[in-house]
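>
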Amino acid sequence: MDSIQKNRFSTAYLAKAKLENTTVKIANGYYLLSELNIHKKAALQYSDSIIQLTKNTQNKNYPALGYIQKGIHYYYNGQNELALENFLQANQLAVKNENRIQLVIVKHYVGLLKSVNNKIEEALSIFKENYQYLKENQLDTTYKKQYFKSLFALANGYAKNKLFDQAIQYYNKGLKESKNNPDFYYPYFLTGHGVCSFEKGAYQQSIDSLQKGCKLLKEDPSNLAAMYLYIYDAYKGMGTPDQGIHYLNSIDSVYKQDNSIRRYSRIAYGHLNDYYKHSKNKKKQLTYLTKLVEVDSLIKAKDGNLYVDIVKNYDTPELLKAKQELINSLEEQNSSKQYNIFILIALCTIFSGLFIFFSRRSYVLNKRFDLLMEEQNNKETQVTPPVITASKVESLGLSEELVTQILTKLEKFESSLKFVKKKYTLNTLAKELNTNSSYLSKVINLEKNSNFSNYLNNLKIDYAIQRLNQDPKFRKYTIKAISEECGFSSQQTFSTAFFKKTKLKPSFFIKKITNSEPED
61 MDSIQKNRFS
71 TAYLAKAKLE
81 NTTVKIANGY
91 YLLSELNIHK
101 KAALQYSDSI
111 IQLTKNTQNK
121 NYPALGYIQK
131 GIHYYYNGQN
141 ELALENFLQA
151 NQLAVKNENR
161 IQLVIVKHYV
171 GLLKSVNNKI
181 EEALSIFKEN
191 YQYLKENQLD
201 TTYKKQYFKS
211 LFALANGYAK
221 NKLFDQAIQY
231 YNKGLKESKN
241 NPDFYYPYFL
251 TGHGVCSFEK
261 GAYQQSIDSL
271 QKGCKLLKED
281 PSNLAAMYLY
291 IYDAYKGMGT
301 PDQGIHYLNS
311 IDSVYKQDNS
321 IRRYSRIAYG
331 HLNDYYKHSK
341 NKKKQLTYLT
351 KLVEVDSLIK
361 AKDGNLYVDI
371 VKNYDTPELL
381 KAKQELINSL
391 EEQNSSKQYN
401 IFILIALCTI
411 FSGLFIFFSR
421 RSYVLNKRFD
431 LLMEEQNNKE
441 TQVTPPVITA
451 SKVESLGLSE
461 ELVTQILTKL
471 EKFESSLKFV
481 KKKYTLNTLA
491 KELNTNSSYL
501 SKVINLEKNS
511 NFSNYLNNLK
521 IDYAIQRLNQ
531 DPKFRKYTIK
541 AISEECGFSS
551 QQTFSTAFFK
561 KTKLKPSFFI
571 KKITNSEPED
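Take the sequence shown: its letters are residues 61 to 580, numbered as in the numbering used here.
Following this line, the structure appears as structure tokens:
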């Protein structure tokens, strides 16, 4: 079942539960929707609905499950204090209700929070207890997803405590048991095994595992970049760094698509700078030294206080000094010293201008994307009926009853999605809705704030955005195929309408929403 089907099922389940007025079933519906939106703000609304609905209910699962969902949402969004607060509330309720599986889930995330705060020994103890409980009570099949989470956390906990033999033992166990369940951590068991092998000095074994894992992590740029660095270090450990340069360049390629991996790209540029310095290729060295300076500035601007911890091997003044020394060395080799100075200054000016331009452009586009996604999430959780005022009716010259009838028919038309399958004109739609084309045009102009053509295009674009947001398979379609699926006559017409409504190109929107897809 894909995400669209899951959302439809959950929404239908909740609607049926409300009709039956069964508290636990309504809470189950909110839980299903919170799971589908766990990384989004909507998850908080559904979780709060669970808590409010069941706060006075004597039930084994509720309202503790509402607090668990809130805690998970806050954890994934880096709000660790709020996460802990909700997990502790859930823990009290789980103890009271003797709900053991909820206690396992809460302990799991408390362990992750301890690990984030560098209390790795305490975290490992928690992961051991959880894993043993699930195995001893034969819950590894009943709660398979939590079991794999606990197994991975245990292996990772051993690795963080530098107990690599034990870590590899559990990574191997995870590989064996999750091989037929690729959604359940299989690539992470692979890469975890590769990292531990590297730490033990088994470089070729490490490379084999990491390369296999990387093939499955194409949609996870952060982990992909980290694994590329390990592969380079493994080749370097084998005395063949030349074979690893390709992976450093791959990090550069990933960074061009997603600048959130800037910390990894900085390390890669540092290695590339050192490599070309050692090989006396000054032009290549200058290329990566320039990139190192740029990403260094970006880290300082975006990561704030983290900057001191992240940047350990280089400081910006030292980078600039090294860059200037390299420029001077290159100038000395060129007989046209003044000409080269002019070119370098011009290039630096151009690069700085381009960097500022593209940074600003990227910020604007990302802001537009965030606002669009927030609007989309609000549409999914809120239904605002049209407000028909006396002044509006009077301006139309129509009766209030007629306006209401037309609007009701338009709502049914919009929800039917016929507009993506059939070509409509104002006359054909008016005929289908059994109304006058002039009346229909007036209502659309006033209530929808657009003419008929733009009204249809906006419906199709809203449909495209919803499907792209909810259906990973749909994102893999070509732009032409997407435009056809959404009822447009051509790719160009679709792209123009999409940009007119969102101020974003379809290709940018698809790339952003794909890169924003959270890991489990």
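Ideal placement from N, C-alpha and C gives every residue a C-beta, glycine not left out.
It should be emphasised that the depicted structure is a prediction, and the values quoted were computed from it without experimental measurement.
Can you tell me which of Phe187, Leu270, Gly261 puts its alpha carbon nearest to the alpha carbon of Tyr230?
Sequence index remark: in the sequence shown, residue 230 carries index 170 (1-based). Checking every option, the nearest Cα to that of Tyr230 belongs to Phe187.
> CA-CA distance, Lys167 and Ile542?
Taking the first residue of the sequence shown as 1, we reach residue 167 at position 107. Taking the first residue of the sequence shown as 1, we reach residue 542 at position 482. Each residue's Cα considered, the two are about 44 Å apart.
> Terminal residues of the continuous alpha helix (DSSP H) containing Tyr335?
Against the sequence shown, residue 335 aligns to sequence position 275. 322-338 is the span of the alpha helix (DSSP H), which, as asked, contains Tyr335.
> Closest Cβ-Cβ distance between Phe479 and chain C: below 9 Å?
Any reference to chain C falls outside this structure, which holds one protein chain only.
> Tell me, to the nearest whole angstrom, how far the beta carbon of Ile305 is from that of Tyr335; I am working on the premise that it is less than 8 Å.
For the purposes of this step, residue 305 is identified with residue 245 of the sequence shown, where counting begins at 1. For the purposes of this step, residue 335 is identified with residue 275 of the sequence shown, where counting begins at 1. Between Tyr335 and Ile305 the Cβ distance is about 7 Å, and since that is below 8 Å, they are a contact.
> Under the three-state reduction of DSSP, which class applies to Ala262: helix, strand or coil?
Counting from 1 along the sequence shown, the entry for residue 262 is found at position 202. Correct three-state label for Ala262: coil.
> By DSSP, does Leu137 sit in helix, in strand, or in coil?
By 1-based counting over the sequence shown, the position of residue 137 is 77. Checking the sequence shown, residue 137 turns out to be Asn, not Leu. In this structure, Asn137 counts as coil in the three-state DSSP scheme.
> So the candidates are Pro123, Thr117, Asn119; which of them puts its Cα closest to the Cα of Tyr106?
As a first step, residue 106 must be located in the sequence shown, where it is residue number 46. Nearest C-alpha to Tyr106: Pro123.
> Would you mind working out which of Phe249, Val503, Lys130 sits nearest Ser459, comparing C-alpha positions?
Stepping through the sequence shown from its first residue, residue 459 is reached at position 399. Among Phe249, Val503, Lys130, the Cα nearest to that of Ser459 belongs to Val503.
> Taking 8 Å as the threshold, find out whether the segment 108-116 comes into contact with the segment 135-148 through three or more Cβ pairs.
A contact between stretches requires three or more CB pairs, one per stretch, nearer than 8 Å, and the segment 108-116 fails this requirement with the segment 135-148.
> Within a Cβ cutoff of 6 Å, which residues of the same chain sit near Ile521, ignoring the five residues on either side of it in sequence?
Within the sequence shown, numbered from 1, the residue matching residue 521 stands at position 461. For Ile521, where only same-chain residues beyond five positions count, the Cβ hits under 6 Å are Ala557, Phe558, Lys561.
> Can you give the Cα-Cα distance for Tyr203 and Thr485, rounded to whole angstroms?
Within the sequence shown, residue 203 is the residue found at index 143, counting from 1. Within the sequence shown, residue 485 is the residue found at index 425, counting from 1. The straight-line gap from Cα to Cα measures roughly 53 Å.
> Relative to the alpha-carbon of Ser326, which residue among Ser339, Lys351, Gln345, Asn341 has its alpha-carbon at the smallest distance?
By 1-based counting over the sequence shown, the position of residue 326 is 266. Reading off the sequence shown, one finds Arg at residue 326, where the question assumed Ser. Nearest option by C-alpha distance: Lys351.
> On the three-state DSSP scale, how would you describe His99?
As a working note, residue 99 is residue 39 in the sequence shown. DSSP, read as helix, strand or coil, puts His99 in coil.
> Buried or exposed for Glu354, going by 16 or more other Cβ atoms inside 10 Å?
The residue given as residue 354 occupies position 294 in the sequence shown. The residue in question, Glu354, is buried, as its Cβ has 16 or more Cβ neighbours within 10 Å.
> Please report how far the alpha carbon of Leu493 lies from the alpha carbon of Asn511, in whole angstroms.
Residue mapping note: residue 493 aligns to position 433 of the sequence shown, counting from 1. Residue mapping note: residue 511 aligns to position 451 of the sequence shown, counting from 1. So the alpha carbons of these two residues sit roughly 17 Å apart.
> Measure the alpha-carbon distance for Lys536 versus Arg527 and round it to whole angstroms.
Counted from its first residue, the sequence shown places residue 536 at position 476. Counted from its first residue, the sequence shown places residue 527 at position 467. Distance between the alpha carbons of Lys536 and Arg527: 12 Å.
> Have a look at Thr468 and Lys76 and give me their C-alpha separation to the nearest angstrom.
Counting from 1 along the sequence shown, the entry for residue 468 is found at position 408. Counting from 1 along the sequence shown, the entry for residue 76 is found at position 16. So the alpha carbons of these two residues sit roughly 23 Å apart.
> Can you tell me the Cα-Cα spacing of Val170 and Ala183, whole angstroms?
Position 110 of the sequence shown, counting from 1, holds the residue named residue 170. Position 123 of the sequence shown, counting from 1, holds the residue named residue 183. Near 8 Å, if we compare the C-alpha coordinates of Ala183 and Val170.
> If the criterion is Cβ atoms closer than 9 Å, does the pair Ala285 and Tyr324 meet it?
Residue numbering aside, residue 285 sits at position 225 when the sequence shown is read from its first letter. Residue numbering aside, residue 324 sits at position 264 when the sequence shown is read from its first letter. Yes, they are a contact pair.
> Output needed for Tyr292: all residues of its chain with C-beta closer than 6 Å, excluding positions within five of it in sequence on either side, in chain order.
Taking the sequence shown and counting its residues from 1, the one referred to as residue 292 is at position 232. Answer for Tyr292: Gly304, Tyr307, Leu308, listed in chain order.
> Taking only the alpha-carbon atoms, compute the straight-line gap between Ser94 and Lys571 and give it to the nearest angstrom.
Numbered from 1 along the sequence shown, position 34 holds the residue referred to as residue 94. Numbered from 1 along the sequence shown, position 511 holds the residue referred to as residue 571. Looking at the two C-alpha atoms, the distance is approximately 25 Å.
> By a C-beta neighbour count over all protein chains shown, 10 Å radius and 16 as the cutoff for buried, is Asp356 buried or exposed?
Working through the sequence shown from its first residue, we reach residue 356 at position 296. Per the 10 Å Cβ criterion, buried.
> So, using beta-carbon positions, are Ala227 and Ala213 closer together than 9 Å?
What you label residue 227 is simply residue 167 of the sequence shown in a count that begins at 1. What you label residue 213 is simply residue 153 of the sequence shown in a count that begins at 1. Note that the C-beta distance between Ala227 and Ala213 is not below 9 Å.
> How long is the line joining the alpha carbons of Ile98 and Ile132, rounded to whole angstroms?
Reading the sequence shown from its first residue, position 38 is the one you call residue 98. Reading the sequence shown from its first residue, position 72 is the one you call residue 132. Using only the alpha carbons, I get a separation of about 7 Å.
> Rounded to a whole number of angstroms, what is the C-alpha to C-alpha distance between Leu456 and Leu516?
Taking the first residue of the sequence shown as position 1, residue 456 is located at position 396. Taking the first residue of the sequence shown as position 1, residue 516 is located at position 456. Each residue's alpha carbon lies about 21 Å from the other.
> Let's test the definition: count the other Cβ atoms within 10 Å of the Cβ of Leu477 and tell me whether it reaches 16, buried, or not, exposed.
To locate residue 477, count along the sequence shown from 1; it is residue 417. By the neighbour-count rule (16 or more Cβ atoms within 10 Å), Leu477 is not buried but exposed.
> Please classify Tyr122: does DSSP put it in a helix, a strand, or coil?
What you label residue 122 is simply residue 62 of the sequence shown in a count that begins at 1. The answer is coil: DSSP assigns Tyr122 none of H, G, I, E or B.
> Looking only at C-alpha atoms, which of Asn178, Asn121, Asn177 sits nearest to Leu153?
The residue given as residue 153 occupies position 93 in the sequence shown. It is Asn121.
> Taking the straight line between their C-alpha atoms, what separation do you get for Leu163 and Gln149?
Counted from its first residue, the sequence shown places residue 163 at position 103. Counted from its first residue, the sequence shown places residue 149 at position 89. So the two alpha carbons sit approximately 11 Å from each other.
> Compute every distance between the C-beta of Leu113 and the non-hydrogen atoms of the ligand COA, then say whether any falls below 8 Å.
With respect to the ligand COA, the structure shown offers nothing to examine, as it has no ligands at all.
> Measure the beta-carbon distance from Asp318 to Asn575 and round it to whole angstroms, keeping in mind my assumption that it falls under 8 Å.
Against the sequence shown, residue 318 aligns to sequence position 258. Against the sequence shown, residue 575 aligns to sequence position 515. Correct: roughly 5 Å between the Cβ atoms.
> Taking Asp280 as the reference, which of Lys296, Asp302, Tyr245 has the closest Cα?
Position 220 of the sequence shown holds residue 280. Minimum Cα distance to Asp280 is reached at Tyr245.
> Return the first residue and the last residue of the alpha helix (DSSP H) that Val314 is part of.
As a first step, residue 314 must be located in the sequence shown, where it is residue number 254. First-last of the alpha helix (DSSP H) with Val314: 305-317.
> Near Phe568, which residues of its chain fall below 7 Å by C-beta distance, leaving aside the five closest residues on each side in sequence?
On the sequence shown, position 508 is the one that residue 568 refers to. Within the same chain, and ignoring the five residues on either side of Phe568 in sequence, the residues whose Cβ sits closer than 7 Å to its Cβ are Leu425.
> Out of curiosity, what's the CA-to-CA distance linking Tyr290 and Lys209?
For the purposes of this step, residue 290 is taken as residue 230 along the sequence shown, with counting starting at 1. For the purposes of this step, residue 209 is taken as residue 149 along the sequence shown, with counting starting at 1. Rounded to whole angstroms, Tyr290 to Lys209 spans 23 Å at the Cα level.
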